[in-house]
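At position 195 of the sequence shown the residue is numbered 203 (our numbering), and the sequence of numbers has no breaks.
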Amino acid sequence: MDTNERRTPADGSIPQASDDDRALAPSEMLALMRDQQRTTRTRLDRALYILLGTWAVAWFVGFQALWSAEDGGASPIVRIPTATAFIIFGVAMIVGVIVSVVSGVSMGRGMRGRSNTAGTLYGFSWSISMMGAWFFAASLLRQVPDPALAPLLMPGIFVVTIGVLYMAGAAMSRSGAQFALGVAVIVLAVVATALGAPTHYLVYGTAGPLIFIAFIVLLRTGVISSEPPLRETTPRGEVHA
């Protein structure tokens, strides 16, 4: 008779606790959390590299095309028809927006609950914001038909919108690096607009891609991180940075 009233299998063997039933020690839980964070950070960084790289190319191609336009450009080397320049710029921006939407949605994929919803909403906020910026600028230009306003307003409002979206994404992912990128983009828009047309096309087409490439390099080398460090939790529940 079992004095402790424990039940044993019919063959008399002693049941063994499975790995799934065994509680993880605090150190093992922390190691598991760190491993999951590294996996998530790798996926998010990959999406961010694609996003930044795409915008670097889009800005270089699009704004260099405007800089080289026969009407409104000032490139001393290459001149292309104005209509062609704006088509190239529009296609480059559309590609950037599409990649931004896909990257934003992919950032939320694999996450649960509010994180997944936030990533999806952030992805679609790119297309909605960019379309809203275009309609706003177009409506304003119809009300104020100033030929000197359009070259400064159209790219400026798109660039500022991109900077704000980067900062919004930083708030979602708690990324100081992405927030700094948004600030840099907005500062670039202010400086380029202050220099006036058509010089601002050259500034956007050179300084903009350099900013994106610089952030890619800083992320790849680990100088900056796309996410805050994981906080360590002690057995007593104390949190350490």
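Using N, Cα and C, we set each Cβ at its ideal position, and we do this for glycine too.
{"Check": "Would you check if the distance between the CB atom of tyrosine 130 and the CB atom of alanine 185 is smaller than 8 Å?", "Outcome": "no"}
{"Check": "So what does DSSP say about alanine 146, is it helix, strand or coil?", "Outcome": "helix"}
{"Check": "For methionine 138 versus threonine 92, is the C-beta spacing smaller than 8 Å?", "Outcome": "no"}
{"Check": "Can you find the residues in the same chain that come closer than 6 Å, C-beta to C-beta, to tyrosine 209, ignoring five residues on each side of it along the sequence?", "Outcome": "Phe71, Leu74 and Trp75"}
{"Check": "Closer than 7 Å by C-beta to glutamine 135: which residues in its own chain qualify, once you throw out the five before and the five after it? Chain order, please.", "Outcome": "The sequence given here has serine at residue 135, not glutamine. So the list reads Val105 and Val109, once near-sequence residues are dropped."}
{"Check": "Chain B beta carbons: is any one of them nearer than 8 Å to that of aspartate 79?", "Outcome": "In summary, chain B is missing from the structure at hand, where a single protein chain is found."}
{"Check": "In three-state terms, what does DSSP make of alanine 82?", "Outcome": "coil"}
{"Check": "Rounded to the nearest angstrom, how far is the Cβ of phenylalanine 147 from that of leucine 173, given a contact under 8 Å?", "Outcome": "The sequence as given places serine at residue 147; phenylalanine does not occur at that position. Not really, about 21 Å apart at Cβ, beyond 8 Å."}
{"Check": "Please classify isoleucine 232: does DSSP put it in a helix, a strand, or coil?", "Outcome": "coil"}
{"Check": "Would you mind reading off the limits of the alpha helix (DSSP H) that contains isoleucine 170?", "Outcome": "158 to 181"}
{"Check": "Suppose you measure from the CA of alanine 179 to the CA of glycine 213; what does that come to, to the nearest Å?", "Outcome": "27 Å"}
{"Check": "Excluding sequence positions up to five away, which residues of its chain have a Cβ less than 7 Å from the Cβ of proline 217?", "Outcome": "Ala64, Trp67 and Phe68"}
{"Check": "Using CA atoms only, rank isn't needed, just tell me which of Ala33, Leu56 and Trp142 is closest to serine 183.", "Outcome": "Leu56"}
{"Check": "Among all the DSSP beta bridges, which residues are the ones paired with isoleucine 106?", "Outcome": "Note: isoleucine 106 sits in no beta bridge, so no partner."}
{"Check": "I'd like to confirm the pairing. Which residues does DSSP put opposite alanine 77 in its beta bridges?", "Outcome": "Ile88"}
{"Check": "How many whole angstroms separate the CB atoms of alanine 82 and threonine 90, which I take to be in contact at a CB cut-off of 8 Å?", "Outcome": "With 8 Å as the limit, alanine 82 and threonine 90 do not qualify as a contact, their Cβ atoms being about 13 Å apart."}
{"Check": "Within the chosen definition, does the region 190 to 204 reach the region 155 to 168 through at least 3 CB pairs nearer than 8 Å?", "Outcome": "yes"}
{"Check": "Starting from alanine 200 and walking both ways along the alpha helix (DSSP H), at which residues does that stretch end?", "Outcome": "184 to 203"}
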